[in-house]
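S.K.:
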Amino acid sequence: MNPSTAFATVFADELARCGVREVVLAPGSRSTPMAMAFHALDVAGRLRLHVRIDERSVAFTALGLAKAGSTGPGVAGPGGRAPVAIVCTSGTAAANFHPAIIEASESGVPLLVLTADRPPELRGAGANQTIDQVKLYGDAVRWYADPGVPDRRAGAAAAWRSLACQAYALASGVTGTFPGPVHVNLPFREPLVPDGPVPDGPVSYGPLAVPPAVPPNKAGSAAAADPADWPESLAGRPGGEAWTRYQAAPSVAGDPPLALPWTERGVVVCGDGDYDPGPMVAIAEQAGWPVLAEPSSNARRGPSALIAYQYLLASPEFVAAHRPDMIISAGRPGLSRPQSALLRASGARHVVIAQGPGRWADQARVATDVAASVRLAGASPAAAGWLAAWRRADAAARAAADAVLDDDGSLSEPRLARDFLLALPEGALAWIGSSMPIRDVDATMRPRADIRVLASRGASGIDGTTSTAIGAALAHQSGGGGPAFALIGDLAVVHDAPGLAIGPGEPRPDLCLIVVNNDGGAIFSTLEQARFAGPFERVFGTPHGTSVAQLAEAFGVAYARAQTPEDVAKAVAETEPGSGLRLVEVRTDRAAQTELRARVRAAAIATLG
Numbered sequence: 014m015n016p017s018t019a020f021a022t023v024f025a026d027e028l029a030r031c032g033v034r035e036v037v038l039a040p041g042s043r044s045t046p047m048a049m050a051f052h053a054l055d056v057a058g059r060l061r062l063h064v065r066i067d068e069r070s071v072a073f074t075a076l077g078l079a080k081a082g083s084t085g086p087g088v089a090g091p092g093g094r095a096p097v098a099i100v101c102t103s104g105t106a107a108a109n110f111h112p113a114i115i116e117a118s119e120s121g122v123p124l125l126v127l128t129a130d131r132p133p134e135l136r137g138a139g140a141n142q143t144i145d146q147v148k149l150y151g152d153a154v155r156w157y158a159d160p161g162v163p164d165r166r167a168g169a170a171a172a173w174r175s176l177a178c179q180a181y182a183l184a185s186g187v188t189g190t191f192p193g194p195v196h197v198n199l200p201f202r203e204p205l206v207p208d209g210p211v212p213d214g215p216v217s218y219g220p221l222a223v224p225p226a227v228p229p230n231k232a233g234s235a236a237a238a239d240p241a242d243w244p245e246s247l248a249g250r251p252g253g254e255a256w257t258r259y260q261a262a263p264s265v266a267g268d269p270p271l272a273l274p275w276t277e278r279g280v281v282v283c284g285d286g287d288y289d290p291g292p293m294v295a296i297a298e299q300a301g302w303p304v305l306a307e308p309s310s311n312a313r314r315g316p317s318a319l320i321a322y323q324y325l326l327a328s329p330e331f332v333a334a335h336r337p338d339m340i341i342s343a344g345r346p347g348l349s350r351p352q353s354a355l356l357r358a359s360g361a362r363h364v365v366i367a368q369g370p371g372r373w374a375d376q377a378r379v380a381t382d383v384a385a386s387v388r389l390a391g392a393s394p395a396a397a398g399w400l401a402a403w404r405r406a407d408a409a410a411r412a413a414a415d416a417v418l419d420d421d422g423s424l425s426e427p428r429l430a431r432d433f434l435l436a437l438p439e440g441a442l443a444w445i446g447s448s449m450p451i452r453d454v455d456a457t458m459r460p461r462a463d464i465r466v467l468a469s470r471g472a473s474g475i476d477g478t479t480s481t482a483i484g485a486a487l488a489h490q491s492g493g494g495g496p497a498f499a500l501i502g503d504l505a506v507v508h509d510a511p512g513l514a515i516g517p518g519e520p521r522p523d524l525c526l527i528v529v530n531n532d533g534g535a536i537f538s539t540l541e542q543a544r545f546a547g548p549f550e551r552v553f554g555t556p557h558g559t560s561v562a563q564l565a566e567a568f569g570v571a572y573a574r575a576q577t578p579e580d581v582a583k584a585v586a587e588t589e590p591g592s593g594l595r596l597v598e599v600r601t602d603r604a605a606q607t608e609l610r611a612r613v614r615a616a617a618i619a620t621l622g
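This is the structure we're talking about:
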């Protein structure tokens with residue numbers, strides 16, 4: 014067995030022992046050893062392999078798979094999620110991973126980034142498809158390792174297995190670090206393919222699940238590596254155990270809760286993040302405080318959760334009369350400017366719940382406390398006037414907003430967001446795109462505890478939206494979850510068109526992608542740039558003229574157009590096991606939608622004066 018094959022054999026086997034159950038790769042030559050090793054594990058049923066043409070789609074598909082919760086039996090991290098591995102060849106292929114790695118780093122999503130590389134003698138020598146991949150992703154990864162070119166020596170297998178366990182543990186966060194991406198750069202020398210005859214058709218590869226190192230023996234089974242061919246056994250621990258076991262390190266999560274005195278005028282703010290929203294909702298209900306929860310916090314549930322809070326916070330009169338004395342925030346809030354203004358307000362005690370060791374969100378730099386968890390010291394009084402006032406205002410603003418949306422009569426973008434989330438069946442996954450879709454959902458979503466809402470809010474980029482939604486749907490449904498949906502914009506679909514390229518035989522989710530097509534970037538119409546009419550349309554609005562229907566046809570994806578609320582409800586109802594990947598287009602006019610949102614906002618705020 015040649016050293017490149019031996020390394021890939023051992024390393025891939027050990028990652029599977031640790032708990033890797035999903036691997037996404039792009040085709041390439043230098044990554045051949047890893048590609049063949051993971052393919053063999055897929056054939057053996059030890060993990061699921063996904064192949065994509067575009068490395069950016071590879072990374073974002075993996076991001077969705079990991080974020081939606083690919084769990085493993087081995088060293089799972091604090092959130093119970095196993096890292097997902099991504100594989101590419103050398104050169105610019107590795108550079109295309111970078112945007113997803115940044116999002117994973119900011120969101121605390123565990124990824125194992127495996128980049129093949131040229132050996133040292135080919136670097137800096139003008140060799141084809143060779144760039145400097147050393148610490149390519151900088152501080153966006155939790156850890157970087159380059160084990161060097163595999164060689165035939167005693168002790169190598171142990172080192173390779175130990176490396177796999179360490180990378181897995183640091184990505185998952187089990188060591189006490191914040192979960193995130195880990196980069197292992199893998200230089201390979203030729204030969205890159207296994208020794209021996211080329212198998213004719215599918216082969217059972219034996220205990221290590223790799224192509225046989227020597228020809229099959231007379232009995233016809235794949236022989237293990239010849240001891241004369243390698244200086245030691247390549248087998249791992251008996252019974253499929255991981256080479257290294259990590260005991261979960263003490264962390265802030267194990268610290269006692271911070272005791273807070275009850276005050277009537279408190280607010281709980283929940284932003285996007287990988288945390289259990291239950292304790293935040295529970296303390297709000299215990300204290301009689303409103304919950305201002307962004308959709309992807311999954312904390313918009315229960316009687317304390319508000320819907321129209323951004324309109325309340327946009328009313329100077331309401332804010333002046335309802336200044337909190339206590340704010341508890343979790344995740345990464347900041348979806349709307351009024352919410353950010355609340356968090357910047359001085360005078361309140363502001364307790365931030367840490368995302369993990371050394372990680373918390375306090376963009377205004379005004380937090381007074383950072384804690385792993387909190388509790389109320391003593392019983393809170395039964396009076397609930399504070400919460401009642403917030404709820405009355407929320408109901409009034411919501412009714413005014415709904416009246417404008419319903420009177421409009423059309424399938425507007427805010428109405429689509431509202432009706433879409435209401436129509437989702439129990440157990441559904443909803444992936445919401447950045448920019449306007451997540452903001453429309455934030456302004457209209459009713460409290461629901463029976464669905465899961467996800468979004469890429471770590472860096473909030475447009476990159477890889479379709480691929481990430483597909484990855485999330487695959488993970489959701491492999492774990493027994495219900496149907497999956499995505500609400501995204503037209504620019505996101507055009508930007509990530511290669512994400513729709515899923516080859517025949519590859520795992521495909523049952524995912525309904527609802528695409529809002531207003532022919533450009535609608536969010537800029539809500540910002541100050543819109544006042545500059547001369548350059549606005551060309552450099553901010555960016556109309557593209559792409560036919561979503563023809564795009565779907567090009568990739569063999571089912572297509573439908575929704576023109577009424579009933580059409581949207583029908584598309585949701587038709588998303589069921591076996592329905593596959595579908596695009597449902599909703600066409601709107603950017604200028605009209607901007608004007609409608611302004612009317613909705615004005616009507617909602619007017620009820621609070």
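So the mapping is simple: our numbering equals the position in the sequence shown, first residue as 1, plus 13. Just so you know, even glycine gets a beta-carbon here, dropped at the ideal spot from N, CA and C.
In whole angstroms, what separates the C-alpha of Ser480 from that of His557?
M.R.: Working through the sequence shown from its first residue, we reach residue 480 at position 467. Working through the sequence shown from its first residue, we reach residue 557 at position 544. Their backbone Cα atoms lie some 20 Å apart in a straight line.
S.K.: Report all residues from its chain with a CB closer than 6 Å to the CB of Pro244; omit the five preceding and five following residues, and keep chain order.
M.R.: Sequence index remark: in the sequence shown, residue 244 carries index 231 (1-based). Closer than 6 Å at the Cβ level, and outside the excluded window around Pro244, lie Ala167.
S.K.: Name the two residues that bound the continuous alpha helix (DSSP H) containing Glu330.
M.R.: Taking the sequence shown and counting its residues from 1, the one referred to as residue 330 is at position 317. Counting along the chain, the alpha helix (DSSP H) containing Glu330 begins and ends at Pro329 to Ala334.
S.K.: Tell me, please, which residues DSSP counts as bridged to Met339.
M.R.: What you label residue 339 is simply residue 326 of the sequence shown in a count that begins at 1. According to DSSP, residue pairing for Met339 in a beta bridge involves Gly279 and Arg362.
S.K.: Taking C-beta to C-beta, are Ile483 and Gly512 nearer than 8 Å?
M.R.: On the sequence shown, position 470 is the one that residue 483 refers to. On the sequence shown, position 499 is the one that residue 512 refers to. Yes, they are a contact pair.
S.K.: Which same chain residues, not among the five before or five after Tyr259, have their C-beta less than 7 Å away from its C-beta?
M.R.: Numbered from 1 along the sequence shown, position 246 holds the residue referred to as residue 259. Correct list, in chain order: Val88, Ala182, Val187 and Thr188.
S.K.: Taking C-alpha atoms, which residue in Val585, Arg459, Met14 and Val365 lies nearest to Pro204?
M.R.: Mapped onto the sequence shown, residue 204 falls at position 191. Ranking Val585, Arg459, Met14 and Val365 by Cα distance to Pro204 puts Met14 first.
S.K.: Apart from the five residues on each side of it in sequence, which residues of its chain come closer than 6 Å, Cβ to Cβ, to Val71?
M.R.: Locating residue 71 in the sequence shown gives position 58, where the first residue counts as 1. Val37, Ala39, Arg65 and Ile99, listed in sequence order.
S.K.: Could I get the ranges of all uninterrupted beta strand (DSSP E) runs contained in the segment 515-551, with 3 residues as the minimum, in chain order?
M.R.: 524-530
S.K.: Going by DSSP, name the residue or residues bridged to Thr128.
M.R.: Indexing the sequence shown from 1 puts residue 128 at position 115. Beta-bridge pairing links Thr128 to Cys101 and Asn198.
S.K.: Within the continuous alpha helix (DSSP H) that includes Tyr324, where are the two ends?
M.R.: Residue mapping note: residue 324 aligns to position 311 of the sequence shown, counting from 1. Tyr322 to Leu326 is the span of the alpha helix (DSSP H), which, as asked, contains Tyr324.
S.K.: Whole angstroms are fine: how far does the CA of Ile114 sit from the CA of Arg13?
M.R.: It is not possible to answer for residue 13, since the shown part of the chain is limited to 14 through 622.
S.K.: Alpha carbon to alpha carbon, how far is Asp26 from Arg250? Give it in angstroms, no decimals.
M.R.: Here residue 250 corresponds to residue number 237 of the sequence shown, with the count starting at 1. Here residue 26 corresponds to residue number 13 of the sequence shown, with the count starting at 1. Roughly 11 Å separates the two Cα atoms.
S.K.: Among residues of its own chain, excluding the 5 on either side of Leu127, which ones have a beta-carbon nearer than 7 Å to its beta-carbon?
M.R.: What you label residue 127 is simply residue 114 of the sequence shown in a count that begins at 1. Met47, Ala98, Ile99, Val100, Val197 and Leu199, listed in sequence order.
S.K.: If we ignore side chains and look at the alpha-carbon of each, how far apart do Thr143 and Phe20 end up?
M.R.: The sequence position of residue 143 within the sequence shown is 130, counting from 1. The sequence position of residue 20 within the sequence shown is 7, counting from 1. Thr143 and Phe20: Cα-Cα distance of roughly 21 Å.
S.K.: Ordered along the chain, which non-local residues of its own chain (more than five positions away) have a Cβ less than 8 Å from that of Ser103?
M.R.: Within the sequence shown, numbered from 1, the residue matching residue 103 stands at position 90. Excluding residues within five positions, the ones whose Cβ falls inside 8 Å are Gly41, Arg43, Ser44, Thr128, Ala129, Asp130, Arg131, Gln142, Thr143, Ile144 and Gln146.
S.K.: Using DSSP's beta-bridge definition, name the partner residues of His63.
M.R.: Position 50 of the sequence shown, counted from the first residue, corresponds to residue 63. For His63, which the question treats as bridged, DSSP gives the partners Val37.
S.K.: Counting C-beta neighbours from all protein chains within 10 Å, is the total for Glu426 16 or more, i.e. buried, or is it exposed?
M.R.: On the sequence shown, residue 426 is found 413 positions in, with the first residue counted as 1. Of the other Cβ atoms in all chains shown, 16 or more fall within 10 Å of the Cβ of Glu426; this residue is therefore buried.
S.K.: Nearest-angstrom Cα distance between Pro290 and Val466?
M.R.: Translated into positions along the sequence shown, residue 290 becomes position 277. Translated into positions along the sequence shown, residue 466 becomes position 453. When rounded, the distance between both Cα atoms is 12 Å.
S.K.: Would you identify the three-state DSSP class for Arg574, choosing helix, strand or coil?
M.R.: Taking the sequence shown and counting its residues from 1, one reaches residue 574 at position 561. Here DSSP, grouped into helix, strand and coil, assigns Arg574 to strand.
S.K.: Tell me whether Val387 is buried or exposed, calling it buried when 16 or more other Cβ atoms sit within 10 Å of its Cβ.
M.R.: Against the sequence shown, residue 387 aligns to sequence position 374. It counts as buried.
S.K.: Identify, in the order they occur along the chain, each residue of the same chain with its Cβ nearer than 6 Å to the Cβ of Arg165, setting aside the five sequence neighbours on each side.
M.R.: Position 152 of the sequence shown, counting from 1, holds the residue named residue 165. The answer, listed in chain order, is Pro16.
S.K.: Could you give the distance in angstroms between the alpha-carbon of Ile451 and the alpha-carbon of Ile445?
M.R.: Numbered from its first residue, the sequence shown carries residue 451 at position 438. Numbered from its first residue, the sequence shown carries residue 445 at position 432. Cα to Cα, the separation comes out at about 6 Å.
S.K.: Just to confirm, is the Cβ distance from Gly193 to Ala117 under 8 Å?
M.R.: Within the sequence shown, the letter at position 180 stands for residue 193. Within the sequence shown, the letter at position 104 stands for residue 117. Taking 8 Å as the Cβ cut-off, Gly193 and Ala117 qualify as a contacting pair.
S.K.: Hey, would you say Leu626 sits closer than 8 Å to Arg428, going by beta carbons?
M.R.: Only positions 14 to 622 of the chain appear in the structure, and residue 626 is not among them; the question remains open.
S.K.: Which residue spans inside the segment 139-209 form an unbroken beta strand (DSSP E) run of at least 3?
M.R.: 156-158 and 194-200
S.K.: Helix, strand or coil, according to DSSP, for Glu598 in the structure here?
M.R.: As a position in the sequence shown, residue 598 is number 585, starting the count at 1. In the structure shown, Glu598 adopts extended strand secondary structure according to DSSP, grouped into three states.
S.K.: Could you tell me whether the Cβ atoms of Ala497 and Ala486 are closer together than 8 Å?
M.R.: Position 484 of the sequence shown, counting from 1, holds the residue named residue 497. Position 473 of the sequence shown, counting from 1, holds the residue named residue 486. Closer than 8 Å, so yes.
S.K.: Which of the three DSSP states is assigned to Ala377 in this structure?
M.R.: On the sequence shown, residue 377 is found 364 positions in, with the first residue counted as 1. In the structure shown, Ala377 sits in coil (DSSP, three-state: anything other than H, G, I, E or B).
S.K.: Could you tell me the distance, in whole angstroms, from the CA atom of Asp523 to the CA atom of Asn530?
M.R.: Counting from 1 along the sequence shown, the entry for residue 523 is found at position 510. Counting from 1 along the sequence shown, the entry for residue 530 is found at position 517. Roughly 22 Å between the two C-alpha positions.
S.K.: Report the CB separation of Leu400 from Pro269 in whole angstroms; it is logged as a contact under 8 Å.
M.R.: What you label residue 400 is simply residue 387 of the sequence shown in a count that begins at 1. What you label residue 269 is simply residue 256 of the sequence shown in a count that begins at 1. Their Cβ separation, rounded to whole angstroms, is 27 Å, which puts Leu400 and Pro269 out of contact at 8 Å.
S.K.: Using the C-alpha atoms, what's the distance from Val122 back to Lys80?
M.R.: The residue given as residue 80 occupies position 67 in the sequence shown. The residue given as residue 122 occupies position 109 in the sequence shown. Cα to Cα, the separation comes out at about 6 Å.
S.K.: Mind pulling the alpha helix (DSSP H) runs of 4 or more residues that sit fully within the segment 286-319?
M.R.: 291-300
S.K.: Work out the CA separation of Ser592 and Glu566 for me, nearest whole Å.
M.R.: Here residue 566 refers to the residue found at position 553 when the sequence shown is read from its first residue. Here residue 592 refers to the residue found at position 579 when the sequence shown is read from its first residue. Answer to the nearest angstrom: the Cα atoms are 16 Å apart.
S.K.: Assuming Ala312 and Met293 form a contact by the criterion Cβ under 8 Å, report the distance between their Cβ atoms to the nearest whole angstrom.
M.R.: Working through the sequence shown from its first residue, we reach residue 312 at position 299. Working through the sequence shown from its first residue, we reach residue 293 at position 280. Contact flag correct, Cβ pair sits at about 6 Å.
S.K.: For Gly398, report the span of its alpha helix (DSSP H) as first-last.
M.R.: Stepping through the sequence shown from its first residue, residue 398 is reached at position 385. Here the alpha helix (DSSP H) through Gly398 covers Gly398 to Asp421.
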